[in-house]
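Trainee: Counting from 1 along the sequence shown, just add 89 to a position and that's the residue number in this note's numbering.
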Amino acid sequence: MPKFITLEEADELCKRSGEYKKLAFVNRQQIKSLLENAETNVNSANLIASSIDEKDPKWMSVYIDYYDALHILAEAFLQFENRKIANHQCLFAFLCKNHPEFEFDWYFFEEIRFNRNGAHYYGKKIAYEDWEKAKLKFNLYVSALKKEIEKRLGISL
Numbered sequence: 090m091p092k093f094i095t096l097e098e099a100d101e102l103c104k105r106s107g108e109y110k111k112l113a114f115v116n117r118q119q120i121k122s123l124l125e126n127a128e129t130n131v132n133s134a135n136l137i138a139s140s141i142d143e144k145d146p147k148w149m150s151v152y153i154d155y156y157d158a159l160h161i162l163a164e165a166f167l168q169f170e171n172r173k174i175a176n177h178q179c180l181f182a183f184l185c186k187n188h189p190e191f192e193f194d195w196y197f198f199e200e201i202r203f204n205r206n207g208a209h210y211y212g213k214k215i216a217y218e219d220w221e222k223a224k225l226k227f228n229l230y231v232s233a234l235k236k237e238i239e240k241r242l243g244i245s246l
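1) Using a Cβ distance threshold of 8 Å, determine whether the segment 91 to 107 contacts the segment 175 to 195, with at least three qualifying pairs required.
2) Name the DSSP bridge partner or partners of residue 111?
3) With DSSP collapsed to three states, give me the class of residue 144.
4) Would a C-beta distance cut-off of 8 Å place residue 214 and residue 149 closer than the cut-off?
5) So what's residue 116 in DSSP terms, helix, strand or just coil?
6) Below 8 Å CB to CB, which residues in the same chain sit around residue 131 once its five sequence neighbours on both sides are set aside?
7) Measure the Cβ-Cβ separation of residue 166 and residue 238 and say whether it is below 8 Å.
8) Along the alpha helix (DSSP H) that carries residue 201, what are the first and last residues, could you check?
9) In the DSSP assignment, find the alpha helix (DSSP H) that holds residue 97 and state where it starts and stops.
10) Assuming contact is defined by CB atoms lying nearer than 8 Å, are residue 110 and residue 173 in contact in what I supplied?
11) Comparing alpha-carbon positions, which option in 128, 197, 225 lies nearest residue 93?
12) Check residue 215 in the structure and name its three-state DSSP category.
13) What three-state label does DSSP hand residue 133 in the structure shown?
14) Since residue 169 and residue 241 are thought to touch, with beta carbons under 8 Å apart, how far apart are those beta carbons, to the nearest angstrom?
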């Protein structure tokens, strides 16, 4: 298991490198579109998950679709604060540091980012066991962000 940097270390690095960019305005239509895209990722992941067995390599797609949904929702949510953060680690650091009300686990974000980057850049395989380990928090975090975005957009649940 890799040793991840702390939330405070990540936040400081991101501030120093200028990753926390300000947007000129809140684009509610873009936020709504991002919300829809995240829902598409989750629906696709759930469709795949319901049709494969535990040995299937497509668990990597399920995992990455949920990662992408969580990333998209974090991006959409932070647009309400006129923030644009392209770096995934910095996006999650800003979210965790500035929104303790969510009670998100920083090390969960680091672990899923590490796994996703491993698959994308280094050929790491993501298996059913990896999905099972992350599934609960993926679902909780996606749900929490989705609910808050819908609330801020005034979308009835």
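Note that beta-carbon positions come from the ideal geometry of N, C-alpha and C, so glycine has one too.
The structure presented is a predicted model; accordingly, all values stated were derived computationally and were not measured.
Mentor: Concretely, from the data shown:
1) Remark: three or more beta-carbon pairs, one from each stretch, lie closer than 8 Å, so the segment 91 to 107 and the segment 175 to 195 are flagged as touching.
2) According to DSSP, residue pairing for residue 111 in a beta bridge involves 172.
3) In this structure, residue 144 counts as coil in the three-state DSSP scheme.
4) Cβ atoms of residue 214 and residue 149: closer than 8 Å.
5) Assigned with DSSP and collapsed to three states, residue 116 falls in coil, not helix or strand.
6) Cβ within range, chain order: 154, 155, 158, 231.
7) For residue 166 and residue 238, yes; Cβs fall inside 8 Å.
8) Unbroken alpha helix (DSSP H) run through residue 201: 195 to 211.
9) Bounds of the alpha helix (DSSP H) holding residue 97 are 96 to 105.
10) With contacts defined as CB atoms closer than 8 Å, residue 110 and residue 173 qualify as a contacting pair.
11) It is 197 whose Cα lies nearest to the Cα of residue 93.
12) Coil.
13) Three-state result, residue 133: helix.
14) Going by Cβ atoms, the distance from residue 169 to residue 241 rounds to 6 Å, so yes, they are a contact pair.
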